[in-house]
Each structure stands twice: as structure tokens, then as C-alpha cells.
Amino acid sequence: EKAVRFSFTVMSISIRVEGEDDGITIFQEPKPNSELSCRPLCLMFVDESDHETLTAILGPVVAERKAMMESRLIIPVGGLLRSFRFFFRGTGYDEKMVREMEGLEASGSTYVCTLCDSTRAEASKNMVLHSITRSHDENLERYEIWRKNPFSESADELRDRVKGVSAKPFMETQPTLDALHCDIGNATEFYKIFQDEIGEVYQRSNPSREERRRWRSTLDKQLRNKMKLKPVMRMNGNYARRLMTREAVEVVCELVPSEERREALQRLMELYLEMKPVWR
Numbered sequence: 005e006k007a008v009r010f011s012f013t014v015m016s017i018s019i020r021v022e023g024e025d026d027g028i029t030i031f032q033e034p035k036p037n038s039e040l041s042c043r044p045l046c047l048m049f050v051d052e053s054d055h056e057t058l059t060a061i062l063g064p065v066v067a068e069r070k071a072m073m074e075s076r077l078i079i080p081v082g083g084l085l086r087s088f089r090f091f092f093r094g095t096g097y098d099e100k101m102v103r104e105m106e107g108l109e110a111s112g113s114t115y116v117c118t119l120c121d122s123t124r125a126e127a128s129k130n131m132v133l134h135s136i137t138r139s140h141d142e143n144l145e146r147y148e149i150w151r152k153n154p155f156s157e158s159a160d161e162l163r164d165r166v167k168g169v170s171a172k173p174f175m176e177t178q179p180t181l182d183a184l185h186c187d188i189g190n191a192t193e194f195y196k197i198f199q200d201e202i203g204e205v206y207q208r209s210n211p212s213r214e215e216r217r218r219w220r221s222t223l224d225k226q227l228r229n230k231m232k233l234k235p236v237m238r239m240n241g242n243y244a245r246r247l248m249t250r251e252a253v254e255v256v257c258e259l260v261p262s263e264e265r266r267e268a269l270q271r272l273m274e275l276y277l278e279m280k281p282v283w284r
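Those letters in the sequence shown? Residues 5 to 284, per our numbering, in order.
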């Protein structure tokens, strides 16, 4: 099982006395990833077991959600009766889970996208102009066509008509950032920070492109020698997970000249690793 959640934490509260530069910290959260201090904004639970188990476990949840969405909650507020509706948004699922929930073929499919009808060949020709065209209701309609084959088409023609829908869509999913892309986004930022710290960018106003290239090449070389981490053209999940570790930050700190900056970098990584269970 996987639980994914979007949440927020108050890390610290400081006040600054007028006329003084340094602030006084009046509150520091000792356990930033504790459920007591980390307030969930959005909770999801995900299970990548077989389809039968998944649908059996989630079936009652989906039915209950549908019933709640069709009902109204009436509460007296300030002497007036107010009517409230419920909305559930299934978000944060990775591609494998979306395909499972929406009845699409597995990720090796010709239909590469879970948001539009693009095939592998079409996607390779058009790398820019895309829009979200798939929807849960349309997937349900396509499943019925797949099941009944009302136009008596061949297997290939039928598959082309339903655009890769081959099972009954079970739960509606909304496209957002998943945990993998959180990893990738965070690692991309840290990769830039590492380069800046190696080149002591805080002491320079406007470093040249050549200098930045040199810092990047120094970082890549160090990661390759010490961690067997080969440079990548575009950040991927495996590289991101290897980069965001204590081992990686220690290797990078060997190239950072200032003791103070090394400590700050290690503290930053510690904080990141402490917070990671919140969204991973």
C-alpha cells in the first residue's frame, strides 16, 4: 500500500524587534513530519496489487463517495440554513495507478498518454501542442464499445476506436503532480544548489556561462567517481532518488570551500529527508 498526501507544517515562528537585525525564534517545530503538526490538505491511499483486490477494497469507498456527492449537508450557520455539497478529487496517482483506475492499457501501450489519445508515433512528431482530451465518462463509454463491439469491427479497428481502453474504468482521477515528479522537481533544484555552492555563487554577482559549465562538470565528475552516478541529460526518478541522500551531500561537500556553507547544505538535506515521508 501507498499513502500519498499534500500537507503543510508551520516549521518555525520568529519575531524581529524594531532596530535589530536578528530575529528571535519563539517557536520551532521539533517533529516536522509528525501527523500532529503536519496538517493534511489532501489524502489518498493507493494499492498497486492485482485489479481484483484493488476493486474489492475500493468498491465500497467509491460507492460511498458517489452517495455523498449526490447528497447535501444542511447546517444552520448564524440562524440560516446553509446547504453544502461534497466533491472528491482523486489526485497524486502515478501513471501506473491512473492506467489501472481508468481502464487503460499498461504503460507499454501504443497509446502513451493518460490525458489524451496520442499514439507513440503522433507524440514523437508533435512534442509541443497537447491538450487534455480524455475523461472518466468518455473512458466508460469507450469500455462499453470495447465490450459490445457494436460496429462489428476487427480487433485492430476496435482498439483504434476505443484508444487503448480495455477494462472498465473504476475511479475518476484528476491530473496533478505525483510523488515521482515531486522527487524529480526537488532533485533538479538541489542539483542547481550544489553547482552554485561549488562555485561560491553567493560571492559573485554575475558568473559567466563558462564558469557555470565548469561547476556542473566538476559536480558530475565528483558524483560519477564517488557514487557511480552517471550524468543525465534530463533528470529522472532513479537519479533524483540517488542524489537526494546524505551520501550525496557529503560527496558534494568535499568540493564546497566554506565550512559554514557545508554545514548549511547538510542541514538543508537533513530537513528535506525529514520532510520526505510527508509526501512520499
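Backbone N, C-alpha and C define an ideal beta-carbon position, used for all residues, glycine too.
Self-check item: Residue environment, R103, which counts as buried when at least 16 other CB atoms sit within 10 Å
Solution: buried
Quiz item: In this structure, does DSSP put F88 in helix, strand or coil?
Solution: strand
Self-check item: One or two residues paired with Q32 in a DSSP bridge
Solution: S16
Quiz item: Which class does P44 belong to by DSSP, given the choice of helix, strand or coil?
Solution: strand
Quiz item: Counting along the chain, where does the beta strand (DSSP E) carrying V21 start and finish?
Solution: Element bounds for V21: n/a, residue is neither H nor E.
Quiz prompt | Cβ-Cβ distance between H140 and C117 below 9 Å | solution = no
Quiz item: What is the rounded straight-line gap between the Cα of Q270 and the Cα of V205?
Solution: 18 Å
Quiz item: Is P235 near the ligand GTP, with its Cβ less than 8 Å from a heavy atom?
Solution: This structure does not include the ligand GTP; it has no bound ligands of any sort.
Quiz item: Which residue spans inside the stretch 141-179 form an unbroken alpha helix (DSSP H) run of at least 4?
Solution: 159-166
Quiz item: Which stretch, first to last residue, makes up the alpha helix (DSSP H) that contains I188?
Solution: A183 to I202
Quiz item: So, helix, strand or coil for V102, using DSSP?
Solution: helix
Quiz item: Touching or not, the stretch 218-227 and the stretch 150-167, by the rule of three or more beta carbon pairs under 8 Å?
Solution: no
Quiz item: To which residues of the same chain is E22 closer than 8 Å at the C-beta, ignoring the five residues directly before and after it?
Solution: none
Quiz item: What does a CB cutoff of less than 7 Å around C257 pick up in its chain, not counting 5 residues either side in sequence?
Solution: R266, L269 and Q270
Quiz item: What's the call for V81, buried or exposed, on a 16-neighbour Cβ count within 10 Å?
Solution: exposed
Practice problem: In the DSSP assignment, find the alpha helix (DSSP H) that holds I61 and state where it starts and stops. | Solution: H55 to E74
Quiz item: Excluding the five sequence neighbours on either side, which residues of its own chain have a C-beta within less than 8 Å of the C-beta of S87, listed in chain order?
Solution: R76, L77 and I78
Quiz item: What span of residues does the alpha helix (DSSP H) with L77 cover, start to end?
Solution: Element bounds for L77: not the alpha helix (DSSP H) but the beta strand (DSSP E), L77 to V81.
Quiz prompt | Bridge partner(s) assigned by DSSP for S11 | solution = P44
Practice problem: Compare the C-alpha of F92 against each of E109, V65 and E56 and name the closest. | Solution: V65
Quiz item: Which partner residues does L108 have in the DSSP bridge list?
Solution: V169
Practice problem: Assign D25 to one of two classes, buried (16 or more other C-beta atoms within 10 Å of its C-beta) or exposed (fewer than that). | Solution: exposed
Self-check item: Reduced DSSP category for T222 - H, G, I as helix; E, B as strand; rest coil
Solution: helix
Quiz item: Can you find at least 3 beta carbon pairs, one from the stretch 240-250 and one from the stretch 190-204, that sit closer than 8 Å?
Solution: yes
Exercise. Keeping to the same chain, check which residues put their C-beta closer than 7 Å to that of N37; ignore five residues upstream and five downstream.
Key: E278, M279, P281 and V282
Quiz item: Closest by CA to L45, which one among I17, T13, E33 and E251?
Solution: T13
Practice problem: Identify which residue in F90, I136, M175 and E214 has its Cα closest to the Cα of L62. | Solution: M175
Exercise. Using 10 angstroms around the beta-carbon of A252, count the other beta-carbons present and answer buried if the total reaches 16, otherwise exposed.
Key: buried
Practice problem: Taking the CB atoms as reference points, tell me whether S111 and E126 lie closer together than 9 Å. | Solution: no
Practice problem: Flag this pair as yes or no: are the beta carbons of N240 and I188 separated by less than 9 Å? | Solution: yes
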